[in-house]
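Have a look at the structure below before the remarks.
There are 2 protein chains.
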Amino acid sequence: MQGQRVSQGSGQPRVVIVGCGFGGLFAARALRRANAEVLVIDRNNYHLFQPLLYQVASAALAPADIAQPIRTILRHQRNARVMLAQVEAVDLAARRVITDAGTIGYDYLVLAPGAVDNYFGHEEWRQFAPGMKAVEEATFIRSRLLRSFESAELEADPAARAAHLTFIIVGAGPTGVELAGAIKELAVDVIPRDYRVVDTRSARVILIEAGARVLPALHPDSSARALRQLRALDVEVRLGAPVSRVLADGVEVAGERLRSYNVIWTAGVRAAPLAASLGVPLGPGGRVMVAADCSVPGHPQAFVIGDAAWLIDPRSGAAVPGVSQGALQMGRYVAGIIDAELRGRDGHRTRGFHYRDWGSMATVGKSRAVVELGRLRFGGLLAWLAWMALHITVLIGFRNRLAVLSSWIYSYVFFRRGSRLITRVAPPPEGP
Amino acid sequence: MQGQRVSQGSGQPRVVIVGCGFGGLFAARALRRANAEVLVIDRNNYHLFQPLLYQVASAALAPADIAQPIRTILRHQRNARVMLAQVEAVDLAARRVITDAGTIGYDYLVLAPGAVDNYFGHEEWRQFAPGMKAVEEATFIRSRLLRSFESAELEADPAARAAHLTFIIVGAGPTGVELAGAIKELAVDVIPRDYRVVDTRSARVILIEAGARVLPALHPDSSARALRQLRALDVEVRLGAPVSRVLADGVEVAGERLRSYNVIWTAGVRAAPLAASLGVPLGPGGRVMVAADCSVPGHPQAFVIGDAAWLIDPRSGAAVPGVSQGALQMGRYVAGIIDAELRGRDGHRTRGFHYRDWGSMATVGKSRAVVELGRLRFGGLLAWLAWMALHITVLIGFRNRLAVLSSWIYSYVFFRRGSRLITRVAPPPEGP
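Laid out in structure tokens, this is it:
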């Protein structure tokens, strides 16, 4: 059995962590002194800094700038091991994880598989409106976006040209808002002088939101501020406008047909399919309804954290939001329980998980952002600088920090972007 | 007709340049004051610095570091236009280029389509042993290479593990030599501490060459020096060893079967298929036998330059080599003829093309390289510094120079590489 190969008969208890996003990575790190083998399984060989993935899609950053090999991150953590594999199922009763590279037994399990795009029952929309969760999707979106300007340059028919220059983003959460601003800035500030026929500044960027405001998770003041910033950039924002159809050549929204070959889906996420495979009760978005200690009810050795978990914080009465800091806090919390119990100290579970909101932010473009820190809310240049400082700080790896910072300085000074490549990429996956 | 769309009725003569490698790009730039519309057609939206592509394949650089959008390079050249299209055929009699985006008429034509990998009649080897001409191939090779270390880490069977850790490069020209050194250094200097089970330093890198020496285009002294450097790195070099078969799990060479899942083809090139489609006599490697002025015999308005042209330099009696500097010099030369004739000055053709050898160099690894400048030949640290200085200088774009230089410094100081991503990529193209 391959599980034994991995254990190498160390005889130590084994903690298996599935998924190395923020939740999985911070759980692994918090277990660095644990008396256990910590096995991190991910289908990618890198930890991806998803908050900046939209900058890959908009040609500002290269994928390697926001990705770091998991092995490199954990190279000095002697009790950590890394396995590149796709987890196919979990056998909670037998305490085993079934992967495409073999079956692995565990003493403790931390499931942090993350989220996939939610098409709300319309999976057929995915082929026309890819989401932006993976590197491959971001480079696909980038290539399609850049190719549209090329098509517009060659197109003589004004209506067809206008369609090539129309970019539709469905969903005005942080990713949608940031991507809309980044595409508009690309068209207005970066590429106009590269084209001879077409005026790329005429490109339309349409941000469609079913709800009543942009950035619905933030305070209404921040939403209003971001909306003003988006409109100042000439992004067309349509609120209270649910999309009723997505087609190869556009969308239908509020009875109107908008023509576009670049529809991008940022309308919401649901838990990765692994959550549903557990056979336990699921909450909204297919998330596992975990106990107060993030464990799977009836299986105290198995935890689910991050986007794949559904938990009502008893102090606030609200669900823990599916954001990086939620995953990270849950990762540290369950690592604390595991570490303590491995040392024979029980009782750490009675104090259930409590989410602390460290603040929220989103950027709309150069010198434009909104920030919330507790009751403090502000926008503009200061917010933008705070946004940049935080993202550089949280980004993992010295080289990546340097690369991103220098790319940003370069873009700011020269109005250029460093990754304007149209490449043949694998098409977006068929489904989650 | 789409050709007319592109011309926009400017009434000016039109020079069409097919392919924006070194030859096409330097021809376009040398025509910057020409009284003509200069239309550059390429199937990629970027100029690729192929000499560093092996560093993408070996995880040191990101594709965007060595690629620059053609539009950006030519943005200030007012008479230049760029078209993203695949050229399917040329009608020399009617002076038209047929592309997948329409047909374009020309007054002058510069064909610089470059080369494709030459499997010497064994196209079926391509699927197992991809070459390294395009970004997509380099990222495919990188992903396969990195995945092999992952497979080795999970593999219990020693023979299978050894096969995962065997990397075979067929062809010891500059690309083969540089790639062999880069893979060996990756295995020995960069990643050993990232793995817990496998000792990546035990990886075998085998460089197979049918001829009698490595770097056959250089002086025998340089070949001997590079061979010593390769052996000092523990690269296994097999000379006089033609590969007789390439299979999914290895190669057959000199009656011996070598097991490997990473065979890379750098054994030679031939002209891009566009050359054969012209219906004119072809020389070695399917290259167009051009006249002394690089024109297609019988078609003085059509030139072929670079890797797709076959020309014996009358002064040296040798064929112009298929290297960057040959393409670049030919590009400038034909641009001079075209520019003069557009100004009504004939006679520039009588002085045929003459190739000037500016020197040759190749690097084998950190502090290891060989350089030839006329009769001067040297190796070691000084050669390595010269190699780096030249490549940084010739690289196009300030941002790319900065990115490559800082990546090299980073690698040198920290023994790391910045682009260790395994990504799903489009499989290598079926054929040329």
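Here the protein sequences come in this chain order: A and B. Position one of the first sequence corresponds to residue 229 (my numbering), numbered consecutively onward. Position one of the second sequence corresponds to residue 229 (my numbering), numbered consecutively onward. For every residue, glycine included, the Cβ atom is placed at its ideal position computed from N, Cα and C.
Asked: Spatial neighbours of A:G511 in its chain, beta-carbon cut-off 6 angstroms, leaving aside the 5 residues before and after; Found: M517, W538
Asked: Continuous alpha helix (DSSP H) stretch holding B:L281: start and end; Found: 281-285
Asked: 8 angstroms Cβ cutoff, B:S544 in contact with chain A; Found: no
Asked: Contact under 8 angstroms by Cβ, A:L374 with A:A287; Found: yes
Asked: Amino acids of chain B, ordered along the chain, whose beta-carbon sits closer than 8 angstroms to that of A:I650; Found: N272, N273, Y274, L312
Asked: Runs of beta strand (DSSP E) wholly within the stretch 312-367 of chain B (minimum 3 residues, chain order); Found: 315-319, 324-327, 330-333, 336-339, 343-345
Asked: Chain-ordered chain B contacts of A:V363 [CB-CB under 8 angstroms]; Found: L649, T651
Asked: Within-8 angstroms CB hit, A:R644 to chain B; Found: yes
Asked: Where the beta strand (DSSP E) containing B:T394 begins and where it ends; Found: 394-398
Asked: Neighbour-count burial assignment, A:Q314, 16 or more Cβ in a 10 Å radius; Found: exposed
Asked: B:V508 versus B:L556 - alpha carbon distance; Found: 23 angstroms
Asked: Own chain partners of A:T669 with C-beta closer than 7 angstroms, once the 5 adjacent residues on each side are dropped; Found: As displayed, chain A neither begins before 229 nor continues past 660, which places residue 669 of chain A out of reach and without an answer.
Asked: Backbone CA spacing between A:R577 and B:A408 [nearest angstrom]; Found: 53 angstroms
Asked: Span separating the alpha-carbon of B:E351 from that of B:G333; Found: 34 angstroms
Asked: Where the alpha helix (DSSP H) containing A:Q662 begins and where it ends; Found: Nothing about residue 662 of chain A can be reported from this structure: the residues present for chain A run from 229 to 660 only.
Asked: When A:S588, A:S647, A:G607, A:V592 are compared against A:L618, the one with the closest alpha-carbon; Found: A:S588
Asked: Inter-residue Cα distance where the pair is A:V426 and A:A387; Found: 13 angstroms
Asked: The stretch 321-333 of chain B touching the stretch 438-451 of chain B, judged by at least three CB pairs closer than 8 angstroms; Found: no
Asked: Coil, strand or helix - A:F643 by DSSP; Found: coil
Asked: Presumed contact (8 angstroms Cβ cut-off) between B:R645 and B:L461, rounded CB distance; Found: Rounded, the Cβ-Cβ distance is 16 angstroms, inconsistent with contact.
Asked: Three-state secondary structure assigned by DSSP to A:V425; Found: coil
Asked: Min CB distance B:G345 to chain A below 8 angstroms; Found: According to the sequence displayed, residue 345 of chain B carries Asp and not Gly. Closer than 8 angstroms: no.
Asked: CB contact below 8 angstroms: A:A460 versus chain B; Found: no
Asked: Complete beta strand (DSSP E) runs within the stretch 446-504 of chain A (minimum length 3 residues, chain order); Found: 464-466, 471-475, 478-481, 484-487, 490-493, 497-499
Asked: DSSP bridge partner residues for A:S371 (one or two, in chain order); Found: In the DSSP output, where bridge partners are listed per residue, A:S371 has none listed.
Asked: Proximity winner among B:F254, B:A400, B:P279, relative to B:I533 (alpha-carbon distances); Found: B:F254
Asked: Residues bridged to A:P297 (per DSSP); Found: A:Y274
Asked: 8 angstroms Cβ cutoff, A:I446 in contact with chain B; Found: Strictly speaking, residue 446 of chain A in this sequence is Leu, with Ile absent from that position. For A:L446, the answer is no, since every Cβ of chain B falls outside 8 angstroms of its Cβ.
Asked: Any C-beta of chain B under 8 angstroms from that of A:T428; Found: no
Asked: Reduced DSSP category for B:L623 - H, G, I as helix; E, B as strand; rest coil; Found: coil
Asked: Cβ pair count under 8 angstroms reaching 3, the stretch 558-578 of chain B against the stretch 520-533 of chain B; Found: yes
Asked: Reduced DSSP category for B:G239 - H, G, I as helix; E, B as strand; rest coil; Found: coil
Asked: B:A495 versus B:L337 - alpha carbon distance; Found: 30 angstroms
Asked: Where A:R282 falls, given that 16 or more other Cβ within 10 Å makes a residue buried; Found: Residue identity check: residue 282 of chain A is Tyr in the sequence provided, not Arg. It counts as buried.
Asked: Any 3 or more C-beta pairs closer than 8 angstroms across the stretch 601-620 of chain B and the stretch 597-605 of chain A; Found: no
Asked: Residues in the stretch 282-308 of chain B having any Cβ partner in chain A nearer than 7 angstroms; Found: A290, P291, A292, A295, P297, R299, T300, R303
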